[in-house]
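Student: Take a look at the following structure, please.
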Amino acid sequence: MADHPITRRHLLAGAGSAAAIAALGSASVSARAASTAAASSVPHVRVDPMIRLGRLDRRSLGFSFERSVLALPLFDDSNTDLVALFRLLGPGMIRIGANSVDRVPWDPSARRATPGTVGPADVEALRRFLDAVDWDVLHGIPFVFDGASPATAADEAAHVAGAFGARIGAFEFGNEPDLYGAVPSRALLAGTPLLFRSRWAAFAEAVGQSAPRLPLSGPGCCLLQSIDGWTAPFARDDGASLRWVTQHYYRGFGGPDQTIPTLLAPDPLLASSLAQLAATSAEVGAAGFRITETNSFANGGVPGVSNTFASALWAIGLHLDATASGAVGLHFHNSGSGAGYPAIVQVDGVVTEIRPLFFGMLLLGSLGAGSHLHVDMAGVPARAGVHALLGDDGDVRVVVRNLDPGTPVRIDIDLGVALASASMARLEAGSLESTSGVTFRGASVGIDGNLSPTADVDVPVSGTTLTVSVAAASAAIVRAHPVSPIPEPSSLPSLPPSSAASDSSTPTPATPLGISPAYVG
């Protein structure tokens, strides 16, 4: 962003390609990329309805916003365009914080929409917005800027707790502490895990006195390579105080390979990183882990990549892979108005554009709550992905993504239960490179949130199997109705390591933190 002269790109310059540094992507693509078996003319995929994986929770879908937007006329129930757009997505959770969390102080006397500050009126406006759209909030509090202190944090927390009430998911302090060491002033305060933990504990104690029993989260590190040295040790030290263990993720941080093929290619650290976060949160007794800031490529994204239809297909895979692996939520970062990664573009609080990423989130929001089911990926063609979920309403949802830019795919999917009927909704655009013309269920979305979908199409069903045809560079969601309710499994079977895991011969990228870094934040 223009007001961030020091970026992640500077931090990671010289560290190698984005693919060697980044660590989260589409595991469903990875599962087939390693396969050498030739696909049949109509591949056959098996779903086991008795093997339940992670949950897709009611509020697993989320946005991340800069704290600075609270000083804009953006979040208020009077912003009818934004209210309508959020309602289309269903219930979710907003995370407030990011880079600007340590540049926008709390001012209890500030009037509404005072630039550069956050005050009670801004918080109250956000609460009205949250009520209008049925979303909750993860609220970031300044941690390392001049003047930030446990006392100011406690004062803000008391006001926020009073305003948000049951809408508060958790508080977080600071942003990406694994990068603090790059700036001398922050390095002295919290630039090592020990210093960070000590300062965090002082803030947590003060907030606990002013807003008792309200949950905290953390630490929200930038790099997956920081899980071992920062995220996991912090959680073990302070797990009793945490509602969620949190982590950030971007597919890449700079370099010439920030392209659509890179975005959609396998990311070798996906499975191991998600498994590590899930194990850590379970070990410390947290309610799970959240990816509280994510998007395609860091620093606002890449024009011609982050604002294309490819980003929508990537986001669907990321969200479903992560929640299947135990994540309770993901927050897509929505900052900036340039040709980058925001799903909803706003200028001075006014919605000006809906980008393809929003349509990927729209498909995700339409899935509802449910449990991921095990899918045998052996028969899935390369550059296709299949996810299956048992909805809490008893129906099975199957999401099929076709990442091939020119070849349609047809798949027989055996759900393992007798089917009464099935219907399908499509997510389409002209190509992976499309920046407009995206439709979901045959309709586009206006900046006012208007969506007039066409009827879903019937899908052929035979016994336990349905047949899905998906055009090139598109996705589809199938809703299947079993003849009889699917019973709960009597036990949780032990699965072999995921076929989506990175090849054991692929070396783990070295952490880039030792490279002459400049702070990103």
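Numbering-wise, our numbering puts 62 at position 62 of the sequence shown, and it's gapless, one number per residue.
All C-beta atoms in this analysis are idealised placements derived from N, C-alpha and C, irrespective of residue type, glycine included.
Expressed to the nearest angstrom, what Euclidean distance is found between the alpha-carbon atoms of Ser337 and Thr308?
Tutor: If you draw a straight line from the Cα of Ser337 to the Cα of Thr308, it is about 15 Å long.
Student: Let me make sure I understand the geometry here. Which of Thr464, Pro177 and Arg410 has the alpha-carbon closest to that of Ser484?
Tutor: Thr464
Student: So, with DSSP's three-state summary, where would you put Tyr250?
Tutor: strand
Student: In this structure, how does DSSP classify Asp412 when only helix, strand and coil are distinguished?
Tutor: When secondary structure is reduced to three states using DSSP, Asp412 falls in the strand class.
Student: Assuming Ser64 contacts Ala98 (C-beta within less than 8 Å), just tell me the rounded distance between them.
Tutor: Between Ala98 and Ser64 the Cβ distance is about 6 Å, and since that is below 8 Å, they are a contact.
Student: Indicate whether at least one CB of chain D lies closer than 8 Å to the CB of Arg479.
Tutor: The displayed structure is made up of one protein chain only, and chain D is not part of it.
Student: Closest by CA to Ala287, which one among Gly326, Pro303, Ile344 and Asn450?
Tutor: Gly326
Student: Secondary structure at Glu156, three-state DSSP: helix, strand or coil?
Tutor: helix
Student: Which runs of the alpha helix (DSSP H), 4 residues or longer, sit entirely within the region 367-446?
Tutor: Along the length of the region 367-446, whole alpha helix (DSSP H) runs at least 4 residues long do not occur.
Student: Considering only their Cβ atoms, is the gap separating Leu427 from Ser474 smaller than 8 Å?
Tutor: yes
Student: Would you report the Cα separation of Ser306 and Pro342, rounded to the nearest angstrom?
Tutor: 8 Å
Student: Need the endpoints of the alpha helix (DSSP H) that Trp200 sits in, please.
Tutor: Pro193 to Ser210
Student: Compute the Euclidean distance between the alpha carbons of Asp76 and Val123, then round it to the nearest angstrom.
Tutor: Between the C-alpha atoms of Asp76 and Val123 there is a straight-line separation of about 10 Å.
Student: Less than 8 Å between the CB atoms is what I'm expecting for Ser431 and Val459, so what's the real figure, rounded?
Tutor: Not a contact, Cβ separation roughly 25 Å.
Student: Would you tell me roughly how many angstroms separate the C-alpha atoms of Ala204 and Leu451, rounded to the nearest one?
Tutor: 43 Å
Student: Apply the 10 Å Cβ neighbour rule to Asp392 and answer buried if 16 or more other Cβ atoms are within range, or exposed otherwise.
Tutor: exposed
Student: Tell me where the beta strand (DSSP E) around Ser281 begins and ends.
Tutor: In the DSSP annotation of this structure, Ser281 is not part of any beta strand (DSSP E); the continuous alpha helix (DSSP H) holding it starts and ends at Leu270 to Val284.
Student: Hey, quick one: how far does the alpha helix (DSSP H) through Val133 stretch, first residue to last?
Tutor: Val133 -> alpha helix (DSSP H) spans Pro120 to Val133.
Student: Would Asp48 and Leu269 be called neighbours here (beta carbons separated by less than 8 Å)?
Tutor: Between Asp48 and Leu269, the gap from beta carbon to beta carbon reaches 8 Å or more.
Student: Can we say the region 314-334 touches the region 274-283, given the rule of at least three CB pairs closer than 8 Å?
Tutor: yes
Student: Can you give the beta carbon distance from Leu364 to Leu61, rounded, assuming they're within the 8 Å contact cut?
Tutor: 6 Å
Student: Use the C-beta contact count for Ala510: other C-beta atoms within 10 angstroms, 16 or more gives buried, fewer gives exposed.
Tutor: With a pLDDT of only 31 at Ala510, under 50, the local geometry of the prediction cannot be trusted, and the value read off the model is given with reservation. It counts as exposed.
Student: Is the region 215-222 in contact with the region 259-269, if contact means three or more CB pairs nearer than 8 Å?
Tutor: no
Student: What did DSSP end up calling Asp458 once you bin it into helix, strand or coil?
Tutor: strand
Student: Specify the secondary structure class of Phe143 as computed by DSSP and reduced to three states.
Tutor: coil
Student: Since Arg95 and His248 should fall inside the 8 Å C-beta cutoff, what is the C-beta to C-beta distance between them, to a whole number of angstroms?
Tutor: About 10 Å separates the beta carbon of Arg95 from that of His248, a gap too long to meet the 8 Å contact definition.
Student: Taking the runs of the alpha helix (DSSP H) that are 4 residues or longer, which of them lie wholly in the region 66-115?
Tutor: 80-89, all fully within the region 66-115.
Student: Taking the alpha-carbon positions, what's the Gly254 to Val461 distance?
Tutor: 46 Å
Student: Using the DSSP secondary-structure output, state which residues sit across from Leu242 in a beta bridge.
Tutor: Leu216
Student: Indicate the three-state DSSP secondary structure (helix, strand or coil) for Ala480 in the structure shown.
Tutor: strand
Student: Just tell me which of Arg52, Pro43, Val42 and His44 has its CA closest to the CA of Pro489.
Tutor: Arg52
Student: Taking Ile354 as part of the beta strand (DSSP E), name the residues at either end of that continuous run.
Tutor: Val350 to Ile354
Student: Which class does Asp48 belong to by DSSP, given the choice of helix, strand or coil?
Tutor: strand
Student: If you draw a straight line from the C-alpha of His58 to the C-alpha of Val457, how long is it?
Tutor: In the sequence on display, residue 58 carries Arg and not His. Arg58 and Val457: Cα-Cα distance of roughly 26 Å.
Student: Check whether the Cβ atoms of His44 and Asp321 lie closer than 8 Å to each other.
Tutor: Cβ atoms of His44 and Asp321: not closer than 8 Å.
Student: Near Val347, what residues of its chain come up, given a Cβ to Cβ distance below 6 Å and the 5 sequence neighbours on each side ignored?
Tutor: Ser337
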